[in-house]
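Going by the numbering used here, 230 is the number at position 211 of the sequence shown; the sequence numbering is gapless. Take a look at the structure set out below.
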Amino acid sequence: MLLFFIFKPFLSPILLAIVFAVVFQPFYKKVLYYVGNRQSLAAFLTALVIIACIFTPISFLGAQIFNEAKQLYSSLEGAGSQANFNALINVFARTVESFLPGISNYDVNISQTFDEYVKQGLEWITGHLGSAFSGITSLLLDLLVFFMALYYFLRDGKQFKETLVALSPFADHDDEGIFKRLELAVNSVIKGNLTIAIIQGILTAIGFTIFGVPNGALWGTVAAVAALIPAVGTALVLVPGVLFLIITGHIYPAMGLIIWGVVAVGTIDNFLGPKLIGKGMHLHPLLVLLSVLGGIAFYGPIGILIGPLTLSLLFAFLSIYSSREFTTS
């Protein structure tokens, strides 16, 4: 128990290192072949490639979001933004007037304050960017732990697995079955999430192109990267796109993009994600969806991996138990 609390601050980078070591095992074996079976060099080169694959798109995403926030703030400061917001409120008021009589009496007050609220919100975001990056030391420490753990899991993963099999109270073939099921779960979760992210990025690019947001292909790529971030997702790109259309006076395209983002982009994750992951894990999509949502609620962003892995481990144990019951009976 004491050892758990000692390792607890580093559980997330260690778990991520295990996941990436499993996913990139075929790539590591190819590198190992080309470097003459030198395990340390192969593990080091593979870890460098993985780090580059992770942080290059994240850095690109952060820079694009920062530039977009500055441009949006400048647009809100410029003349004419208030008129565009007023137009949006008036259109909304006229639309719902038939359902809620008298709502148009409130649109003037709303339009007068909405622009100011948006500017204050953006001021708060830009003013707290420094505090958001104040934990850079902790981030670097986690990155160091992740890199070192990934290096050793790639290089010595086979020995770690053999040690666990030797210490396990189960039979060796049962242990192999558990490891195979966990490996299948890891690959299913990663490949499923990547597939969903690519689809959401393509749909975002299509929506931006249809409704007149510039650089649709570029922001579709950014949306695909953002889709991999739990609890954030494509809204990180779609919301600024809608605000851009509103600020430039394109009210109806903004409404269309909202509908497109909710119906086409937003629901694809809930419907297609569990099916893709569940198909690879040979589990029902409902169980997969609940494990992902429960994992995120309990563990945070890393729960998107822990939830399905825990579910897969449970079914592996149930499979061992049922096979023993069948044998003894």
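Beta carbons are placed, not taken as given, at the ideal position from N, Cα and C, and that holds for glycine.
Rounded Cβ spacing between residue i and residue j (contact assumed at less than 8 Å)
{"i": "residue 261", "j": "residue 276", "result": "5 Å"}
{"i": "residue 231", "j": "residue 269", "result": "6 Å"}
For residue i, the three-state DSSP class (helix, strand or coil)
{"i": "residue 275", "result": "helix"}
{"i": "residue 269", "result": "coil"}
{"i": "residue 286", "result": "helix"}
{"i": "residue 163", "result": "helix"}
{"i": "residue 206", "result": "helix"}
{"i": "residue 232", "result": "coil"}
{"i": "residue 240", "result": "helix"}
{"i": "residue 295", "result": "helix"}
{"i": "residue 69", "result": "helix"}
{"i": "residue 246", "result": "coil"}
{"i": "residue 56", "result": "coil"}
{"i": "residue 32", "result": "helix"}
{"i": "residue 253", "result": "coil"}
{"i": "residue 341", "result": "helix"}
{"i": "residue 190", "result": "coil"}
{"i": "residue 225", "result": "helix"}
{"i": "residue 302", "result": "coil"}
{"i": "residue 336", "result": "helix"}
{"i": "residue 3", "result": "The requested residue 3 is not part of the displayed model; the chain covers only 20 to 348."}
{"i": "residue 115", "result": "At residue 115 the pLDDT is 49, less than 50, meaning the model places this residue with poor confidence; the figure from the coordinates comes in the next sentence. In the structure shown, residue 115 sits in a helix (DSSP, three-state: H, G or I)."}
{"i": "residue 319", "result": "coil"}
{"i": "residue 127", "result": "Residue placement at residue 127 cannot be trusted, given a pLDDT of 48 that sits under 50; the coordinates are not used to answer."}
Within 8 Å, strictly: CB atoms of residue i and residue j
{"i": "residue 204", "j": "residue 247", "result": "no"}
{"i": "residue 164", "j": "residue 33", "result": "yes"}
{"i": "residue 252", "j": "residue 239", "result": "no"}
{"i": "residue 323", "j": "residue 314", "result": "yes"}
{"i": "residue 310", "j": "residue 326", "result": "yes"}
{"i": "residue 66", "j": "residue 170", "result": "yes"}
{"i": "residue 254", "j": "residue 264", "result": "no"}
{"i": "residue 328", "j": "residue 162", "result": "no"}
{"i": "residue 387", "j": "residue 40", "result": "Summary: the structure shown does not reach residue 387, with the chain confined to residues 20 through 348, and so no result is reported for it."}
{"i": "residue 321", "j": "residue 31", "result": "yes"}
{"i": "residue 330", "j": "residue 302", "result": "yes"}
Min CB distance residue i to chain B below 8 Å
{"i": "residue 187", "result": "Here there is only one protein chain, and chain B is not present."}
Cα-Cα separation between residue i and residue j, rounded to whole angstroms
{"i": "residue 229", "j": "residue 218", "result": "16 Å"}
{"i": "residue 64", "j": "residue 223", "result": "34 Å"}
{"i": "residue 168", "j": "residue 36", "result": "6 Å"}
{"i": "residue 185", "j": "residue 304", "result": "34 Å"}
{"i": "residue 271", "j": "residue 44", "result": "49 Å"}
{"i": "residue 280", "j": "residue 206", "result": "28 Å"}
{"i": "residue 258", "j": "residue 38", "result": "32 Å"}
{"i": "residue 241", "j": "residue 225", "result": "13 Å"}
{"i": "residue 243", "j": "residue 284", "result": "11 Å"}
{"i": "residue 160", "j": "residue 211", "result": "29 Å"}
{"i": "residue 307", "j": "residue 291", "result": "11 Å"}
{"i": "residue 336", "j": "residue 198", "result": "11 Å"}
{"i": "residue 179", "j": "residue 209", "result": "22 Å"}
{"i": "residue 183", "j": "residue 278", "result": "51 Å"}
{"i": "residue 74", "j": "residue 68", "result": "10 Å"}
{"i": "residue 54", "j": "residue 177", "result": "19 Å"}
{"i": "residue 14", "j": "residue 287", "result": "Here the chain covers residues 20 to 348 and nothing more, so residue 14 does not appear."}
{"i": "residue 175", "j": "residue 289", "result": "37 Å"}
{"i": "residue 319", "j": "residue 237", "result": "29 Å"}
{"i": "residue 23", "j": "residue 193", "result": "26 Å"}
{"i": "residue 47", "j": "residue 25", "result": "30 Å"}
{"i": "residue 195", "j": "residue 188", "result": "13 Å"}
{"i": "residue 119", "j": "residue 282", "result": "Interpretation of residue 119 is limited by its pLDDT of 49, a score under 50 that renders its predicted location unreliable; the figure taken from the coordinates is listed afterwards. Rounded to the nearest angstrom, the two C-alpha atoms are 25 Å apart."}
{"i": "residue 166", "j": "residue 245", "result": "23 Å"}
{"i": "residue 294", "j": "residue 341", "result": "26 Å"}
{"i": "residue 50", "j": "residue 42", "result": "14 Å"}
{"i": "residue 28", "j": "residue 316", "result": "18 Å"}
{"i": "residue 227", "j": "residue 214", "result": "20 Å"}
{"i": "residue 181", "j": "residue 190", "result": "13 Å"}
{"i": "residue 233", "j": "residue 57", "result": "49 Å"}
{"i": "residue 157", "j": "residue 21", "result": "22 Å"}
{"i": "residue 78", "j": "residue 52", "result": "32 Å"}
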